[in-house]
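S.K.: In this note's numbering, the protein residues as written are 196 to 355.
We put the beta carbon where it would ideally sit given N, CA and C, even for glycine.
1) How big is the Cα-Cα spacing for residue 249 and residue 323?
2) Measure the CB-CB distance between residue 338 and residue 299 and report whether it falls below 7 Å.
3) Between residue 223 and residue 240, which are expected to be in contact by the criterion C-beta below 8 Å, what is the C-beta distance as a whole number of angstroms?
4) So which of 265, 283 and 255 has the shortest CA-CA distance to residue 247?
5) Comparing C-alpha positions only, which one of 289, 329, 269 and 346 sits nearest to residue 307?
6) Have a look at residue 253 and residue 204 and give me their C-alpha separation to the nearest angstrom.
7) Between which two residues does the alpha helix (DSSP H) carrying residue 267 extend?
8) Identify whether residue 354 lies in helix, strand or coil by the three-state DSSP scheme.
9) Which stretch, first to last residue, makes up the beta strand (DSSP E) that contains residue 222?
10) Contact defined as beta carbons within less than 8 Å: I believe residue 237 pairs with residue 284. What is the distance between those atoms, to the nearest angstrom?
11) Should residue 207 go down as buried or exposed, given a rule of 16 or more other Cβ atoms within 10 Å for buried?
12) Leaving aside the five residues before and after residue 244 along the sequence, list all residues of the same chain whose C-beta is less than 7 Å from its C-beta, in chain order.
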């Protein structure tokens, strides 16, 4: 923002997220002010298997194994399948985030049968997929079907 009278200089208002704690703060910078860039590294890894409460990932370049707890992965763990490729964001060798693909294809293992004409609930019903996650699906989806799910917002995208 600038003032035509010349009494104010340009500035930039930002919202910054602490990648370790998740806290968001607002900060104002003067025009031309530089901020040091965080040395973030994104590594391509493959989920190989689950060992008890830990998920085991293999680095696609070095073939080293990395073990993460469910709490480190968060709510996204409900979509992890074996051999799924993910990106792991690290800072100073500390894992900050596990990025899943935007969508996954999973099999419906449990859902109520849809009743024709039953649209009182907006035309959706809960379904449990092969990883144990619950997703709202259209009434016509039945057990055994493979469906595409958006991992960012848990929404049904279509049949596969």
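M.R.: For this structure:
1) 22 Å
2) no
3) Not really, about 37 Å apart at Cβ, beyond 8 Å.
4) 265
5) 329
6) 50 Å
7) 265 to 268
8) strand
9) 219 to 225
10) 6 Å
11) exposed
12) 251 and 277
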